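Just so we're aligned: 269 in this note's numbering is position 261 of the sequence shown, and the numbers increase by one with no gaps anywhere.
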Amino acid sequence: MVRVFFWAFIPLFLSGCLGTKYLDENEVLLRKQQIEGNEELSATTMESYYQQETNRQILFFPVYPYVYLYHWGLNNYDKTEIRADKEDKMVEINAKIEEAKAEDKENKVERLERKKERKEEKFDKKLREGNILMRWGEPLAVLDTGAVRTTTEQLRLLMSSRGYLNSEADFNIDVEDKKAYVTYNVEEKTAWTIDTFQFRTDDEAIRELISGTLEESPIQQGENYETRDLDAERQRVDELLKNNGFYDFSRQYLVFNVDTTVDDHKAWVEMVVQKPRSGTHKRYKLDSVIFVTDASESGEEEARKVKQYQGVTYKYYDDIYSRKILDRRLFIYPDSFYSKQNTFETQRQLANLDMFKFININYDTTGGRFVANIFTSPLKSYQTSNEVGVNVSQGLPGPFYNLSFKKRNVFGGLEILELNGRIAAEGVASFSDPENVYQSREYSANLSLIFPQFIFPFSDNFQRKIGEYNPKTRVQTGYSFTNRPEYERSNLNAALVYTWQKDTKIFYNLTLADLSVIRTPRTTEAFDSLLLTLFENGNNLINSFNSAFVSSVSFSPTFSFNNYGDYEQKASYLKLFVESGGTTLNLYKPRFLKSEQMDSTGLDFYQWVKFFADYRQNIPLNQNQSFAWRINAGAAKPYGRNEALPYEKYFFAGGSNSVRAWRPRRLGPGSYTPRLADGSRDYQSLFEQPGEIIFVASAEFRRKIIGFLNGAVFVDAGNVWTISEDRSRPGADFSLTDFYQEMAIGTGIGFRFDFSFLILRLDIATKVRDPAIEEGSKWLFRPFGDREETVLNIGIGYPF
């Protein structure tokens, strides 16, 4: 398959080299442009001011396939023909619409109208942007000297805005073989710094607010004088005043006076708060707050009931919502100053309740009063949804079907009852034979009751204070059944979970109780034999498949910096997870659990502690390229009666979201070398390899290739280990002094098909370093060898 991709793209690459053949006699290609002389400002920042871009390349190859695609499409592009096709199609559809109208078929008319709109938009897009090949490609970047001059001026203005008021910029163009190489020469010189920053206002309330927050100003003595800091300060003061009662304040009242002649390379800055025409800036305090909970309901306004709670006036036709709970999500009250931030926070927290389809807050200043009106429209009390898709976790993608039912405001306290069912299938390699892929089936059902508060004997005052953290309590129970080639496994689960978040950056999850009864009703004879052999050699994995009672407490904070996940800006993500399993069993052990005196009855149990950290970062290099990396590390220590973890609690390495040059769950542990019956090395890693310590790191260079097709070059490294010596797997245990010598390394290329509703990922990875090979031969690079050196991974979504 890799060879197919290779030979398919070679003609496109070679054709791309011929970009200059499309040039006219007096034209030259903009081959390269660079900036020289900058010392303080980064090249990346300055390059964003280029007024003309060079043609895109594929990765690092000096070819122009996008130019070839564009001109290929251009050769087959005729606007006159497209307009004629559009006219013919519209005549055809209009005739069908008239026919449907004559037959009085309203539904058919609506379908045809929608079809007409889609077809019309498709033709208009082709007329505006060209055919699909032209849209995938790009026209030749013919050197525009006017754009070069404009870029030079923009660079000078940029340096001046950053404090380098005496900066200079010019350019030089070298032409060779009809290719132009542009060099922008810049000289920043000495920057102006802030000598004095002060503000002036006649309003005592404004003076007090600004004076108390000057340390937060981006304009500080000794820093470079930058115009962007003036804009940031104007924005900061505007927000400050609007959050402290100045409802109709505008940024236009903030004016800066700047004097750069005070001293050598020093700037004096004054911010003036100008007066409005009325003479003073009015500070607004709320006279009343009116909350209409069913604004979209029709009826006589006089028929609405009116009740007061905590100074807020509630209006409604039906009294179905708890005012006590709603009050905890309100941050605007009578006799408080107007606050833009509190208005937004009220709107956001009401939306977090998942009770209203719209929340609108406006302010009425008529009649000399200042009134806040909150209008909400209820969502449907009952809601059902279903989802069909493709999922992949360990092996080949498989279909899934989700069905969910939701009941809102179950007991009148804004609770939500959810019932979810799931059926899924996935192709997974056999535990003991990865050459054979079997269908793994999963069935599950979950019932949850979600409360918009902490179900705990906290005071009402405390519950109100934490309302801005969107507190929720989830009480849930569920059942899942997994059917794999070697075993069947069921899980009856109940949990009590607290979640809260201040904003979209930090999310907390505290599971106070996670209780499960796990049973393994079926195992194959070969699987039993394997587990028994491992046990006889000191490996306790057999205990992980006993029928057992599993209990744990866990805490997991998740940090998303700069909206990680949109991949359009630099962003990072950190998730921490701490878990203690069977902790309460140290104090109290129920009678239904196994003991030393009754090993043949009752349920087994586990005790462990676990920690895991996952850090990721995405760094856009430009609009077409980005660099992403991640590090995963964790450890789990079993203790107690059987010194084993539940199988689901072990760490595994290898697969489409791990070290991709190894098959799913087959890497490691440590330098352990799997052997076949005849003693030879098992290059295909026949068995899944669970571990108690994991470390995995990955890095990817990502590039948009064409249309919905993106590419990547990646490197993965990592492994799993056991905490203690495992006689059944020599070399599996972790050693702090030499674990780095047991890191597996793989590299490869990937293709990502972005279909908007899902991203299908193909990663072709090759082993570079295999810690299981004898010393002196661990480094290897044999793509497409016969010893599993190259692995094709299929995944859904990005690996991180």
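C-beta atoms are modelled at their ideal positions from N, C-alpha and C, and glycine is treated no differently. No experiment lies behind these values; they were computed from the predicted model shown.
The three-state secondary structure of Met751, taken from DSSP, is coil. According to DSSP, Pro628 shares a beta bridge with Ser634. When the Cα atoms are used, Glu146 and Gly756 turn out to be separated by approximately 28 Å. Less than 8 Å divides the Cβ of Leu38 from the Cβ of Leu151. Three or more beta-carbon pairs separated by less than 8 Å link the stretch 644-663 to the stretch 613-631, which places the two stretches in contact. Within 10 angstroms of the beta-carbon of Glu797 lie 16 or more other beta-carbons, which makes it buried. In the three-state scheme derived from DSSP, where H, G and I count as helix and E and B as strand, Asp96 is classed as helix. DSSP, read as helix, strand or coil, puts Pro284 in coil. Looking at Arg683, Ala707, Ala669 and Tyr655, the one whose alpha-carbon comes closest to that of Glu700 is Tyr655. In the same chain as Gly739, and ignoring 5 residues on each side of it, the C-beta atoms closer than 6 Å to its own belong to Gly678, Ser679 and Tyr680, in chain order. Taking the Cα positions, Asn640 is about 14 Å away from Thr566.
In this structure, Asp335 sits away from Pro386, with a CB-CB distance that is not shorter than 8 Å.
In this structure Arg170 is in contact with Asn232, their Cβ atoms being roughly 6 Å apart against a cut-off of 8 Å. Under the three-state reduction of DSSP output, Val418 falls in the coil class, being neither helix nor strand. Beta-bridge pairing by DSSP links Lys293 to Phe345. Within the same chain, Cβ atoms closer than 6 Å to the Cβ of Ser706 are found at Arg638 and Asp724, the five residues on either side in sequence being excluded. The three-state secondary structure of Phe765, taken from DSSP, is coil. Between Tyr325 and Glu305 the beta-carbon gap is near 6 Å, inside 8 Å, which marks them as a contact. Looking at the DSSP output, Trp276 sits in a beta bridge with Thr204 and Asp267. Counting C-beta atoms within 10 angstroms of its own C-beta, Val320 has 16 or more neighbours from the protein chains shown and is therefore classed as buried. Excluding five sequence positions before and after Arg790, the CB atoms of its chain that fall closer than 6 Å to its own CB belong to Glu797, given in chain order. Annotation: Glu107 to Val300 spans about 48 Å, alpha carbon to alpha carbon. Boundaries of the beta strand (DSSP E) harbouring Lys187: Lys187 to Glu195, taken from the DSSP string. Per DSSP, Tyr74 is one residue of the alpha helix (DSSP H) stretching across Pro73 to Asn83. A Cβ-Cβ separation of about 20 Å leaves Asn180 out of contact with Lys197 under the 8 Å criterion. Annotated three-state conformation of Asp132 is helix, per DSSP. Annotation: Ser258 is outside any alpha helix (DSSP H) and is labelled neither H nor E by DSSP. In the structure shown, the three-state DSSP call for Trp144 is helix. For Asp211 and Phe264, the gap between their C-alpha atoms comes out near 17 Å.
Look at Ala155 here: in three-state DSSP terms it is helix. If only uninterrupted alpha helix (DSSP H) runs of at least 4 residues are considered, those enclosed by the stretch 516-575 are 533-544. Ranked by Cα distance from Ala636, the first of Pro628, Tyr487 and Ala188 is Pro628. For Leu37, the enclosing beta strand (DSSP E) begins and ends at Leu37 to Glu44. Nearest to Ile781 by C-alpha distance, out of Phe765, Ile753, Phe763 and Leu611, is Ile753. By the criterion of a C-beta distance shorter than 8 Å, Asp362 is surrounded in its chain by Leu387, Arg416 and Ile424, once the five residues flanking it on both sides are discounted.
DSSP places Asp182 in the uninterrupted beta strand (DSSP E) bounded by Glu176 to Glu184.
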